[in-house]
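Contents: one structure, followed by commentary.
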Amino acid sequence: MATVEKMPMLQMGYDKLTAQLRELKAERPLIVDAIEEARAHGDLSENAEYHAAKERQGQVEATIADLEDKLSRAQVIDPRTLSGDKVIFGATVTLRDEDDKPVQYQIVGQAEADAKVGMISYNSPLGRALIGREVGDEVEVSVPSGDKFYLVDKIAFL
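When we follow numbering that gives the first Met the number 0, the leftmost residue of the sequence shown carries the number 0, and every step to the right adds one.
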């Protein structure tokens with residue numbers, strides 16, 4: 000029997016997925032109304048409104064199924080309950096780049112990852128390189144713009 004892989008995420012990511020699911024489920028009746036209205040216009044073979052509504056319905060149903068799957072496999076982790084001296088999921092890591100400038104990232108799940116605000120997925124190249132590292136470790140990461148080197152400066156659980 001296949002095991003279902005848990006999907007670690009922070010509470011914020013879980014809440015975000017739940018809100019998206021709620022919005023899409025609320026859109027369902029509107030799509031059904033649009034399909035019914037388009038059907039009333041007659042010939043379905045040349046009815047662009049009907050085909051657009053049916054396509055949107057398919058997109059919404061697929062996204063709902065995906066969100067429900069992610070939420071059913073969610074393993075919500077509160078980083079404040081964690082501790083240790085190694086980088087793990089939920090840790091906030093301060094790094095020093097090649098120019099000795101500090102950069103800070105929190106290791107999060109794919110649902111909440113947003114590098115612009117310092118939240119990187121544990122599956123990203125940098126996230127994978129950081130997992131298991133300790134303060135003082137050097138990290139080399141291959142990214143599309145080339146190889147980057149970092150020094151782990153601080154690990155916190157916020």
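Built from N, CA and C at the ideal position, the CB exists for glycine as well.
Check your understanding: Distance, Cα to Cα, residue 118 vs residue 93?
Key -> As a working mapping, residue 118 is identified with position 119 in the sequence shown. As a working mapping, residue 93 is identified with position 94 in the sequence shown. The alpha-carbon atoms of residue 118 and residue 93 are separated by roughly 12 Å.
Exercise for review: Enumerate in chain order the residues of its own chain whose CB-to-CB distance from residue 245 is below 8 Å, with the five nearest sequence positions on each side excluded.
Suggested key: No answer is possible for residue 245: it lies beyond the span of the chain, which begins at 0 and ends at 157.
Check your understanding: Going by the beta-carbon positions, is the gap between residue 9 and residue 79 smaller than 8 Å?
Key -> Locating residue 9 in the sequence shown gives position 10, counting from the first residue. Locating residue 79 in the sequence shown gives position 80, counting from the first residue. Cβ atoms of residue 9 and residue 79: not closer than 8 Å.
Review point. When the distance is taken between beta carbons, is residue 97 closer than 8 Å to residue 11?
Key: Taking the sequence shown and counting its residues from 1, one reaches residue 11 at position 12. Taking the sequence shown and counting its residues from 1, one reaches residue 97 at position 98. Inclusion of residue 11 and residue 97 in the CB contact set at 8 Å is not warranted, their separation being larger than that value.
Practice item. Compare the Cα-Cα distances from residue 7 to each of 21, 37, 108 and report the closest residue. Key: Against the sequence shown, residue 7 aligns to sequence position 8. Cα-wise, what sits closest to residue 7 is 108.
Point to revise | Selected residue, minimal CA-CA separation from residue 125, among 116, 115, 104 | key: Within the sequence shown, the letter at position 126 stands for residue 125. Looking at the Cα atoms, 104 is the closest of the given residues.
Check your understanding: In terms of residues, what are the limits of the beta strand (DSSP E) holding residue 41?
Key -> Against the sequence shown, residue 41 aligns to sequence position 42. Per DSSP, residue 41 belongs to no beta strand (DSSP E) and is neither H nor E.
Practice item. For the alpha helix (DSSP H) holding residue 56, just list the boundary residues, first then last. Key: Working through the sequence shown from its first residue, we reach residue 56 at position 57. Element bounds for residue 56: 47–71.
Check your understanding: Hey, out of 50, 145, 36, 66, whose CA is closest to residue 14's CA?
Key -> Residue 14 sits at position 15 when you count from the first residue of the sequence shown. That would be 66, whose Cα lies nearest to the Cα of residue 14.
Point to revise | Same chain, Cβ closer than 8 Å to residue 49, five either side skipped, listed in chain order | key: Stepping through the sequence shown from its first residue, residue 49 is reached at position 50. Around residue 49, the same chain offers 34, 37, 38, 40, 43 as residues with beta carbons nearer than 8 Å, after the five sequence neighbours per side are excluded.
Point to revise | Contact set for residue 121: own chain, Cβ-Cβ below 6 Å, skip 5 residues either direction | key: Stepping through the sequence shown from its first residue, residue 121 is reached at position 122. So the list reads 88, 106, once near-sequence residues are dropped.
Check your understanding: Would you call the CB atoms of residue 30 and residue 52 closer than 8 Å?
Key -> Looking up residue 30 in the sequence shown gives position 31. Looking up residue 52 in the sequence shown gives position 53. Going by C-beta atoms, residue 30 is nearer than 8 Å to residue 52.
Check your understanding: What does residue 84 pair with, by DSSP beta-bridge criteria?
Key -> Here the question's residue 84 lines up with position 85 in the sequence shown. Per DSSP, none; premise fails for residue 84.
Check your understanding: What do you reckon, are the CB atoms on residue 59 and residue 27 nearer than 8 Å?
Key -> The sequence position of residue 59 within the sequence shown is 60, counting from 1. The sequence position of residue 27 within the sequence shown is 28, counting from 1. Closer than 8 Å, so yes.
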